[in-house]
Each structure stands twice: as C-alpha cells, then as structure tokens.
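Visitor:
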C-alpha cells in the first residue's frame with residue numbers, strides 16, 4: 094500500500110504525489126481512494142480506488158537514481174520494432190503509456206524518434222497521432238527523470254545524451 098506524501102508514477106498521468114487516502118460515499122457504499130496530484134500539472138486531481146487492482150496496478154514508485162542510471166545505460170541497446178499498421182501501433186503505444194512501464198516507454202520514444210528521422214530525410218513529418226504519442230511518451234519519461242535527478246524536464250534529454258556519450262567513451 095502506498096502512503097500519503099509518497100511520489101509515484103501513475104500510468105499515463107505520470108509523476109504524482111499522494112495527497113491523501115480518503116473515503117467517499119458512492120452509491121450507498123463507502124470506498125477508499127488515493128487522491129493523487131500530478132507534480133507537473135497542478136490543475137488536475139486524480140482519485141484511484143484503493144481496492145481496484147487494475148487501477149492501482151498502474152501505480153508504482155518512481156525510479157531511484159540507480160535505476161535511472163541503468164535505464165540510460167540500456168537505451169542504446171534497446172531494440173525497437175516498428176509496427177506498420179497505424180491503428181495497431183497507436184493502440185499498442187497507448188497501452189504501453191497507460192501501463193507506466195518506463196522501459197517500454199523508452200522503446201516507444203526510440204521507435205517514434207527513428208520514424209521521425211526517417212521521414213525528415215524525405216521531407217515529411219510524423220503523422221499527427223504519432224506526434225501526440227511521441228510528445229506524451231517524452232513527457233512521461235522526462236518528468237520522472239527530472240524529478241529524481243532534481244533538474245528541469247527540458248534538461249533531461251541533454252543529460253541522457255551526455256551520459257550515453259560518457260558510456261561510449263568508457
């Protein structure tokens with residue numbers, strides 16, 4: 094069970110703080126809820142039923158500094174297969190982002206980045222839906238890493254690039 098004040102990652106909502114655990118009366122039943130406040134989107138509040146395993150399964154502790162270092166080290170070796178069918182690709186990527194699986198999110202970013210570069214070479218852009226998914230995946234990753242590394246989200250990509258270069262030299 095998570096605790097009040099804990100910072101967690103919640104599926105496609107990203108980094109959130111648990112403000113409280115409260116009970117609400119709904120349909121004559123009293124249910125316990127985690128009250129989550131996204132760290133980087135202050136206008137939202139999310140209520141997650143404590144007893145709903147499907148939803149609480151999307152909650153996880155944020156990565157530790159050590160886990161982030163390991164994730165960054167593994168990025169160059171991460172294999173990413175492109176899904177040609179637009180509808181299947183979007184469905185799969187939405188599932189990944191909703192799951193909160195950070196390593197799979199890196200795969201989504203890598204795939205969409207590679208496709209973006211391929212299209213750029215022929216004078217095209219990513220289609221709108223892929224662009225939206227790409228931005229969402231980057232936001233999820235960068236927000237969590239920024240929080241743990243105590244840097245701004247816009248500093249995360251340069252941080253990753255620098256650390257990958259250092260790994261290649263060593």
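Numbering (the working numbering), first residue to last: 94 to 263. The beta carbon of each residue, even a glycine, is placed where N, CA and C say it ideally should be. Computed from a prediction, not measured in an experiment: that's the story for all the values here.
1. Quick check: residue 34 and residue 240, are their CB atoms within less than 8 Å of each other?
2. Do the CB positions of residue 102 and residue 193 come within less than 8 Å of each other?
3. So is residue 233 buried or exposed if we call it buried at 16+ other beta carbons inside 10 Å?
4. Check this for me: beta carbons of residue 127 and residue 114, under 8 Å apart or not?
5. Got a sec? Which residues, its chain only, sit under 8 Å from residue 97 by beta carbon, not counting five neighbours each side?
6. Out of 151, 150, 165, state which residue places its alpha-carbon closest to the alpha-carbon of residue 157.
7. Exposed or buried, what is residue 224 when buried is set at 16 or more other beta-carbons lying within 10 Å of its beta-carbon?
8. Expressed to the nearest angstrom, what Euclidean distance is found between the alpha-carbon atoms of residue 227 and residue 153?
9. Taking the CB atoms as reference points, tell me whether residue 257 and residue 169 lie closer together than 8 Å.
Guide: To lay it out plainly:
1. Limits of the chain in this structure are 94 at one end and 263 at the other, which puts residue 34 out of reach.
2. The residue given as residue 102 occupies position 9 in the chain shown. The residue given as residue 193 occupies position 100 in the chain shown. Yes, these two residues count as a Cβ contact at 8 Å.
3. Mapped onto the chain shown, residue 233 falls at position 140. Buried is the call here.
4. Sequence index remark: in the chain shown, residue 127 carries index 34 (1-based). Sequence index remark: in the chain shown, residue 114 carries index 21 (1-based). Taking 8 Å as the Cβ cut-off, residue 127 and residue 114 qualify as a contacting pair.
5. Along the chain shown, read from residue 1 onward, the residue named residue 97 stands at position 4. If we look at residue 97 and ignore the five residues flanking it on each side, its Cβ neighbours are 111, 112, 113, 114.
6. In the chain shown, counting from the first residue as 1, residue 157 sits at position 64. The shortest Cα separation from residue 157 among 151, 150, 165 belongs to 165.
7. For the purposes of this step, residue 224 is taken as the residue at position 131 of the chain shown. Classification for residue 224: exposed.
8. Within the chain shown, numbered from 1, the residue matching residue 227 stands at position 134. Within the chain shown, numbered from 1, the residue matching residue 153 stands at position 60. Each residue's alpha carbon lies about 22 Å from the other.
9. Position 164 of the chain shown, counting from 1, holds the residue named residue 257. Position 76 of the chain shown, counting from 1, holds the residue named residue 169. Cβ distance < 8 Å, so residue 257 and residue 169 count as in contact.
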